[in-house]
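What follows is a single structure, written as structure tokens, with notes after it.
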Amino acid sequence: MRDMDRVQMEVVGIRHPFASVARLVGRIAPSDPGAWQPANLAVRIEVETPEGQRPVSRIYTIRSFDPAACTVEIDFVIHDDDSPAMRWLAAARPGTTVWMIGPRQHLVPAQDPLKRVAVFADETAIPAVHAILNAWPEGVRGSLWIETGEAGAFQELPRLPGIDYHLIRRSPDQPAGTTGALLAAARAAIGSACGWTLWAAGERQEMREFRSHFRALGLARDDLRVFGYWKHGASSSEIDRIRLREYAEIRKRGLRLEDLDDAELPI
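Count along the sequence shown starting at 1, add 262, and that's the number in this note's numbering.
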């Protein structure tokens, strides 16, 4: 991708803070360490390289970056399926190397000291929320809602003054992306566009409903930042094929990645 590095990461260690999460620490040698320090950075990790084919890659969020050690921390949500990312993760050990492209900064909340910031996220966006909280500016008030089946992932988020925290605990028999609980919480909490900015990330269809509801409520475009990280019933491979096809199309037209509205992709 243009304006991004292709860097090699060496796995330093992998641990499991929760049954559903593998937390990887990897060492990199970036050409510009400063580019790895903003909040909510994404990288594309080349998890498989089939012979004679282009690498299979997946997008992950940098949970944290240690500039002194030049290490990144990345959370992998563990799935039962036999996907390229899960195969790579199962085989990874300290010393394993992998190529990745990035970083690309995704939008953070519009943090206006005159408004309250509402953050809504499911477990796929917890690494982004963690990074956003670590860079939270003083004097900005916020309210945070996390939907997850793993309460511990919510509990380890940084606690900051001026922010209230709400856990939406999903029961084991409720599939992720099907409850509608995040949107229900948002509608209950925000009855008027006045005095709010909103950042949300999670299942694509629910995020579309977020965007539609809060546009109709009157939130300004810059105060409404909503991202679909995944889609219930669709594989990452399918979503990636569509994304890469659209990326190639905008490059052909001489546009930048920033000109692509991911929410409008036919996924």
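For glycine and all other residues, C-beta sits at the position ideal for the given N, C-alpha and C.
With distance defined between alpha-carbon atoms, name the residue in A448, I276, W492 nearest to H475. A448
If distances are taken between C-alpha atoms only, which option among N396, V488, P420, G424 comes closest to L376? G424
Who pairs with Q270 in a beta bridge, going by DSSP? W361
Outcome for R355 when other beta-carbon atoms lying within 10 angstroms are tallied against a minimum of 16: exposed
Can you tell me which residues form a DSSP beta bridge with D426? S405
Under three-state DSSP, which class holds A438? coil
By DSSP, does D502 sit in helix, in strand, or in coil? helix
For C456 and A352, the rounded distance between their alpha carbons: 48 angstroms
Would you report the Cα separation of E310 and A387, rounded to the nearest angstrom? 23 angstroms
Between the segment 359-368 and the segment 410-425, can you find at least three pairs of beta-carbon atoms closer than 8 angstroms? no
Can E308 and V360 be called in contact, C-beta distance under 8 angstroms? yes
If A413 and L429 are in contact, beta carbons under 8 angstroms, what's the gap, nearest whole angstrom? 6 angstroms
Count the C-beta pairs between the segment 293-303 and the segment 271-284 that are closer than 8 angstroms, then say yes if the count reaches three, no if not. no
So which of R316, A281, I452, T441 has the shortest CA-CA distance to S405? I452
In the DSSP output, which residue or residues are listed as bridge partners for Q367? L303
Since L444 and W407 are thought to touch, with beta carbons under 8 angstroms apart, how far apart are those beta carbons, to the nearest angstrom? 6 angstroms
Give the secondary structure of R431 by DSSP, where H, G and I count as helix, E and B as strand, and everything else as coil. strand
Over the uninterrupted alpha helix (DSSP H) stretch that includes I321, give me the two end residues. Premise fails: I321 lies in the beta strand (DSSP E), 318-328, not in any alpha helix (DSSP H).
For L486, which three-state DSSP category applies? strand
Considering only residues of the same chain and omitting the five flanking positions on each side of I324, which have a CB-CB separation below 6 angstroms? L303, V334
Spell out the partners DSSP gives E465 in its beta bridges. W492
Among the candidates S293, E385, I290, whose CA atom is the shortest distance from the CA of Y491? E385
Alpha carbons only, please: which of V381, T440, G516 is nearest the one belonging to K493? T440
Closest by C-alpha distance to H278, when choosing among R403, D337, D435: D337
Under DSSP, the beta strand (DSSP E) around I336 begins and ends at which residues? 333-339
Is DSSP giving L479 helix, strand or coil here? helix
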